[in-house]
Amino acid sequence: MIRYIGQRLLMMIPVILGISLIIFSIMDLTKGDPARLILGEGATLEAIEAKREELGLNDHFIVRYVKYIAGVAVGDFGRSYRTDAPVSEEIFSRFPTTFYIAFLGILFATLFAIPAGVISAVRQYSAIDVITTVVAMLLTSMPGFFVGMLLILVFALMLRIFPATGISTWKHFILPSLSVASVTMANFIRMTRSTMLEVIRQDYIRTARAKGASVRRVIFTHCLRNSLLPVVTVIGINFGVQLGGTIMIEAVFAIPGLGTYMINAIRQKDIPAVMGSVIFAAIVAGIVNLAVDIMYAYIDPRVKSHYERFTKRGRRDAGKA
Amino acid sequence: MREKPRKRSQFQMTWRRYKKSKLAILGLAAVAVLFFSALIIPLFKDYDTAVEQDFSSRYQPLSAEHIFGTDQFGRDIFIRMMFGARISLLVGIATVSASLLSGSCIGAVAGYYGGRIDEVLMRIMDVFLAIPNTLLAISIVAALGQGITNLLIALAISQVPSFARVVRASILTVKEQDYIEAARALGTPSARIIARHILPNAIGPIIVQTTLNVARTILNISSLSFVGLGISPPTPEWGSMLADAKPQMLQYPHLILIPGAAIAITVMAINLVGDGLRDALDPRLRN
Chain A
163 MIRYIGQRLL MMIPVILGIS LIIFSIMDLT KGDPARLILG EGATLEAIEA
213 KREELGLNDH FIVRYVKYIA GVAVGDFGRS YRTDAPVSEE IFSRFPTTFY
263 IAFLGILFAT LFAIPAGVIS AVRQYSAIDV ITTVVAMLLT SMPGFFVGML
313 LILVFALMLR IFPATGISTW KHFILPSLSV ASVTMANFIR MTRSTMLEVI
363 RQDYIRTARA KGASVRRVIF THCLRNSLLP VVTVIGINFG VQLGGTIMIE
413 AVFAIPGLGT YMINAIRQKD IPAVMGSVIF AAIVAGIVNL AVDIMYAYID
463 PRVKSHYERF TKRGRRDAGK A
Chain B
282 MREKPRKRSQ FQMTWRRYKK SKLAILGLAA VAVLFFSALI IPLFKDYDTA
332 VEQDFSSRYQ PLSAEHIFGT DQFGRDIFIR MMFGARISLL VGIATVSASL
382 LSGSCIGAVA GYYGGRIDEV LMRIMDVFLA IPNTLLAISI VAALGQGITN
432 LLIALAISQV PSFARVVRAS ILTVKEQDYI EAARALGTPS ARIIARHILP
482 NAIGPIIVQT TLNVARTILN ISSLSFVGLG ISPPTPEWGS MLADAKPQML
532 QYPHLILIPG AAIAITVMAI NLVGDGLRDA LDPRLRN
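Structure (structure tokens):
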């Protein structure tokens, strides 16, 4: 198992190198001189030239890229052009905010979607099924920021139950999390419903019913456990993506999270900040995906036995060498 | 010439399965109405009426003269919505066509030739897929600068990998069929085999993906415009209209409800068509 985790982590390295190269090239194409951005419009040509030299901007593209990657390898993401603070510090100070919103959002979505998906599969074509399907359809078609605006309009401006912007109390996290939930929920519902429908038609479900197991028992122990696997994947992937910053939703609620950081960095051509946050988002998504794959082993014994075989074979091969 | 009747019957078979779903028909009707009205609106109203500000008629309520009222600059919201539909549909379709074309080429080459070419191309696609879609689009827009063309390029690039994967997967399913072998034995050039024999037989999932991507692109256009990185005012774009109206949404809720509903209805209609096509084209449901 540990060997497997190690291999998966190693496999992330080329992906992250690729991502950083793509973003680095894109940012390199961006118009505007970072040195001028730092020093302001009034700076003299000599000062700008000195700053360019100091930042290493006069080096060749490849030299700059290799230097940057060498820094990242030892955990140094460089300093922000705008605030001169280390990018890693800025990212870590904003991460908790984004984490709470993403976590609560995915939690709300899961708590609602799995029961809804199960019920609409068990009672296929019933009124509940139709309503759930229509709601899921509607939610996938609405942009997250629009859902956020509707929530602000109703719960913050009209009813005054929750605050509209900011992050000072727990109440501030409710509406943004609900917006995240609305964006992700539809996917979860559809996935739960379709895998449940597939599993319900399997022979072993009929066998279980024939042997006298109650409907409740068949649904909860036989169906749900078997159909949960693809649902867990979808939930995991979505969580990983949301952790990288929910740009639009953070913009609606004026939340100083990773998404806001990223978009401001892109606007201000703060290259180290952009690079740092994109690489961070990719690493987080990769780790969450890995965690989901490991969780499989605990949900599904078939996958677990596969891992064990994988590890044993690995050991044998290592022994040979 | 001999191929013609068979082709039509295949289309008819798909259509027969498609029209079984009421929702799919509803979606198709809504898409048709949207397209038609977006197409003919310039015949009735000048584009300038959607942009020119008239401070004497700000914030007018819904009336016979202004069906959806007027906005904070006194512009008729209905006309702006119509021109907004033009922009969303136009940019959406252009974007998806561009990424479909380039994605198909990459996916077809990777799937058909396999081996090392496949390995290299798909690894590159995987790297692109690992970057969140909107984030990639935003960075490209930041690099190229704002504007409709640059937005189109950015969204197109960010979608290429998803098409490459679908096309590659579809090609792998038909590549090993006997008729491909036969065509190869007859000495047909590879490009012709891909274009004439493989793609037509693997087209189902690609059509579905294309439809769903148009819907997703329309969402992305409005999202990027909402944060000020897409199409900027005064161009009547739904997302930037939402951003404009946000400060006064309590006093004038219709200013956000109408563009929001327009996005949701358009995206939902296209999604319904996509789902309907998926069911109609899915070989597992065929007898």
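Sequence order for the protein chains is A and B.
Residues 163 to 483 in the working numbering are what the first sequence spells out, letter by letter.
Residues 282 to 568 in the working numbering are what the second sequence spells out, letter by letter.
Idealized CB from N, CA, C, for every residue including glycine.
Keep in mind the model is a prediction, meaning the values are calculated, not measured.
Close to B:Phe507, with beta-carbon spacing below 9 Å, are these residues of chain A in chain order: Pro305, Phe307, Phe308, Met410, Ala413 and Val414. If you ignore the 5 residues before and after B:Leu433, its C-beta comes within less than 8 Å of the C-beta of Val372, Ala375, Thr376 and Ala379, all in its own chain and listed in chain order.
Burial state of A:Met353 is buried, judged by a 10 Å Cβ sphere holding 16 or more other Cβ atoms.
Between B:Glu518 and B:Ile368 the beta-carbon gap is near 5 Å, inside 8 Å, which marks them as a contact. Approximately 22 Å separates the beta-carbon atoms of B:Ala550 and B:Ala331; this is outside 8 Å, ruling out the contact. The beta carbon of B:Val554 lies closer than 7 Å to those of Ala305, Gly308, Leu309, Val312 and Thr492 in the same chain, with the five residues before and after it left out. When Cβ-Cβ separations below 9 Å define contact, B:Ile537 makes contact with chain A. Taking a beta-carbon distance threshold of 9 Å, A:Met347 does not count as an interface residue toward chain B.
When the five nearest sequence neighbours on each side are left out, the beta carbons in the same chain lying within less than 7 Å of the beta carbon of A:Thr327 are those of Phe415 and Ala416, in order along the chain. Within the region 374 to 443 of chain B, the runs of alpha helix (DSSP H) that reach at least 4 residues and sit entirely inside it are, in chain order, 396 to 411 and 414 to 425.
If you draw a 10 Å sphere on the C-beta of A:Glu203, you find fewer than 16 other C-beta atoms in it, and that means exposed. Below the 7 Å Cβ cutoff, chain B contributes Asn552 as neighbours of A:Thr302, in chain order.
Across the set A:Ser439, A:Ala435, A:Ile461 and A:Gly448, the C-alpha of A:Ala435 shows the shortest separation from the C-alpha of A:Ala247. For a cut-off of 8 Å, the C-beta gap from A:Thr408 to A:Ala235 is around 29 Å, too long to register as a contact. Separation of B:Glu400 and B:Ala391 (C-alpha to C-alpha, rounded to the nearest whole angstrom) is 8 Å.
The CB of A:Ile381 never comes closer than 9 Å to any CB in chain B; the least such distance is about 25 Å. Note on geometry: alpha-carbon atoms of B:Leu500 and B:Asn552 lie some 12 Å from one another. For the region 400 to 411 of chain B, the set of residues with a beta-carbon nearer than 8 Å to any beta-carbon of chain A comprises Arg404, Ile405, Asp407, Val408, Phe409 and Ala411, in chain order. Around the C-beta of A:Glu252, 16 or more other C-beta atoms lie within 10 Å, and the residue is accordingly described as buried. In the three-state reduction of the DSSP assignment, B:Arg559 falls in the helix class. Among the residues facing chain A, B:Met362 is not included, as its CB has no counterpart in that chain under 9 Å away. At a cut-off of 9 Å between beta carbons, B:Ile358 makes no contact with chain A.
Contact check for B:Ala389 against B:Ile479 passes: the beta carbons are separated by less than 9 Å.
Listed along chain B is no residue with a C-beta nearer than 9 Å to that of A:Ile293; the closest approach is about 14 Å. Per DSSP, the beta-bridge partners of A:Pro248 are A:Arg241.
For A:Met457, the closest Cβ of chain B is not nearer than 9 Å. Taking A:Leu219 as reference, the option from A:Asp190, A:Gly237 and A:Ser242 with the minimal CA-CA separation is A:Asp190. Exposure of A:Glu208 is indicated by the presence of fewer than 16 other C-beta atoms within 10 angstroms of its C-beta.
The beta carbon of A:Val403 is closer than 7 Å to those of Ala447 in its chain, skipping five residues each way along the sequence.
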